[in-house]
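Each residue of the sequence shown is one higher than the last, beginning at 47 in this note's numbering.
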Amino acid sequence: MRNDAHLFVVGSFVAASAAKVETLPQPGESLTAQAFALEPGGKGFNLAVACRRLGATVEGILPVGDDMLSGLAAPALERARLSGAMLRRLPGATGAGIGFIDARGENCLAVFPGANARLGAADIRDKRSAIAKADITLAQFEISDEPIIAAFEIAREAGKATLLNPSPFRRLDHRLLALTTILVLNAHEATAMASDLTGENGQTFDAHGLAGIQAFAEAVMAMGPAIVVVTLGQGGAAFCRSKHPPLHQPSFPVAAVDTLGAGDAFAAGLAVSLAEGQSPEKAMAFASACGAILAGTWGVFDAFPDRAAVEAVLLAHG
């Protein structure tokens, strides 16, 4: 077991805005918000910040445009103690997103990819040495497949692991799935992926159906991944490996305030723990505590916990 995880994040960067409302808006409805935040974000940026806050060494690539919003990126990296060398400036607009969070902590959001959509495989190959030395290379779906495939090819050729969080969900390229070591997805994404695999709609996943989750995971693992993790909201999360019974991690009790970023915090906690050589049981508990802390806090960037905060949650519920 180690405490010096080294990670590479194939990132996205967006200027993220969020409004807290009593109920999520309906078509044609205008609402008064109780709170509003504009902060640096994007799933890739969030993963990098969350991993760094947990003590990992983090390198990566984060695409930004040449517009006013790109100015949010460099100061944010400095505050997070991440290198400005992670930024890849590309012509055009910077990515942006907007989310709404209701009184129960549920959310809906939309993301404009901007520069993230223009990141290419050639940009990734410039980072070959950093990817090859990372314990795990992480990626998400706010960028296109080709840069992820390029990064994962480098990582796997170097004998290193990869982690994919396919969110926002789209159909997975089988080339990408074959290069993925750890697949982390939520119940909605698992349902969509199961539909793609079987051609049948209607399959759902929850904590009462671990056998169904394991069957889904076995079908996915036959195409490449060694580990499939499905998060189930208040139902916890399931960790699946081939020829092992599924491991269920219950959720930590939390009054949900803002669930934006909770999935990113979970994935970051899982990656850091596994890179440190923690057991699946400890890694899942650590990841779930990270997600719970985010869900119980308004905002994302400043809410990512450090290791002491996570260990306090684990101790309180041990």
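Glycine residues also receive a C-beta, built at the ideal position from the N, C-alpha and C atoms.
Assuming residue i and residue j form a contact by the criterion Cβ under 8 Å, report the distance between their Cβ atoms to the nearest whole angstrom.
i: Lys-206; j: Ile-170; result: With 8 Å as the limit, Lys-206 and Ile-170 do not qualify as a contact, their Cβ atoms being about 14 Å apart.
i: Leu-360; j: Ala-331; result: 6 Å
i: Ser-58; j: Gly-138; result: Between Gly-138 and Ser-58 the Cβ distance is about 14 Å, and since that is not below 8 Å, they are no contact.
i: Gly-111; j: Leu-84; result: With a Cβ gap of about 17 Å, Gly-111 and Leu-84 do not count as contacting.
i: Val-275; j: Ala-283; result: 6 Å
i: Ala-102; j: Ala-51; result: 4 Å
i: Leu-133; j: Pro-86; result: Their Cβ separation, rounded to whole angstroms, is 11 Å, which puts Leu-133 and Pro-86 out of contact at 8 Å.
i: Phe-251; j: Ala-233; result: 5 Å
i: Ser-297; j: Gly-323; result: With a Cβ gap of about 25 Å, Ser-297 and Gly-323 do not count as contacting.
i: Cys-286; j: Ala-263; result: 3 Å
i: Asp-310; j: Asn-153; result: With a Cβ gap of about 13 Å, Asp-310 and Asn-153 do not count as contacting.
i: Leu-123; j: Ser-129; result: 7 Å
i: Gly-255; j: Gln-186; result: Going by Cβ atoms, the distance from Gly-255 to Gln-186 rounds to 26 Å, so no, they are not a contact pair.
Who pairs with residue i in a beta bridge, going by DSSP?
i: Ala-354; result: For Ala-354, which the question treats as bridged, DSSP gives no partner whatsoever.
i: Asn-211; result: Gln-186
i: Thr-277; result: Asn-232, Ala-283
i: Ala-156; result: Ile-144
i: Gly-87; result: Val-60
Between residue i and residue j, what straight-line distance do the alpha-carbon atoms span, to the nearest angstrom?
i: Ala-94; j: Asn-49; result: 17 Å
i: His-294; j: Ala-333; result: 13 Å
i: Ala-204; j: Asp-172; result: 16 Å
i: Gly-143; j: Thr-244; result: 32 Å
i: Ala-312; j: Leu-77; result: Note that residue 312 is Phe in the sequence shown here, rather than Ala. Computed Cα separation, rounded: 31 Å.
i: Ala-180; j: Leu-306; result: 27 Å
i: Leu-108; j: Met-267; result: 29 Å
i: Ala-321; j: Leu-53; result: 8 Å
i: Val-55; j: Phe-146; result: 26 Å
i: Arg-174; j: Ala-131; result: 14 Å
i: Ala-156; j: Thr-343; result: 21 Å
i: Arg-217; j: Asn-247; result: 14 Å
If you reduce the DSSP assignment to three classes, tell me which class residue i lands in.
i: Leu-293; result: strand
i: Glu-322; result: coil
i: Thr-305; result: coil
i: Ala-64; result: strand
i: Glu-75; result: coil
i: Ala-81; result: strand
i: Pro-299; result: coil
i: His-363; result: coil
i: Leu-53; result: strand
i: Val-266; result: helix
i: Pro-271; result: coil
i: Gly-43; result: This structure cannot settle anything about residue 43, because the visible part of the chain is limited to 47 through 364.
i: Leu-133; result: strand
i: Asp-219; result: coil
i: Phe-251; result: coil
i: Asp-310; result: helix
i: Ala-149; result: coil
i: Val-346; result: coil
Skipping 5 residues on each side, what residues in its chain have a beta carbon closer than 6 Å to that of residue i?
i: Asp-191; result: Asp-219, Leu-222
i: Ala-272; result: Thr-227
i: Gly-315; result: Phe-332, Ala-333, Cys-336
i: Ala-201; result: Ile-177, Thr-183, Thr-208
i: Asn-211; result: Gln-186, Val-230, Ala-313
i: Met-114; result: none
i: Ala-163; result: none
Within its chain, find whatever has a CB closer than 7 Å to the CB of residue i; leave out the 5 residues flanking it on each side and keep chain order.
i: Arg-127; result: Arg-98
i: Gly-166; result: Glu-192, Pro-193
i: Ala-79; result: Ala-65, Lys-66, Val-67
i: Gly-151; result: Ala-302, Val-303, Asp-304, Thr-305, Ala-341
i: Ala-265; result: Leu-243
i: Met-269; result: His-220, Leu-223, Ala-224
i: Pro-71; result: Leu-77, Phe-146
Might you give, ordered along the chain, the residues of its own chain that have their beta carbon closer than 8 Å to the beta carbon of residue i, omitting 5 neighbours on each side?
i: Ile-195; result: Ala-167, Asp-219, Arg-221, Leu-222, Leu-225
Report yes if the C-beta of residue i is less than 7 Å from at least one heavy atom of the ligand SAH; otherwise report no.
i: Val-274; result: Of ligands this structure carries none, so the ligand SAH is not represented either.
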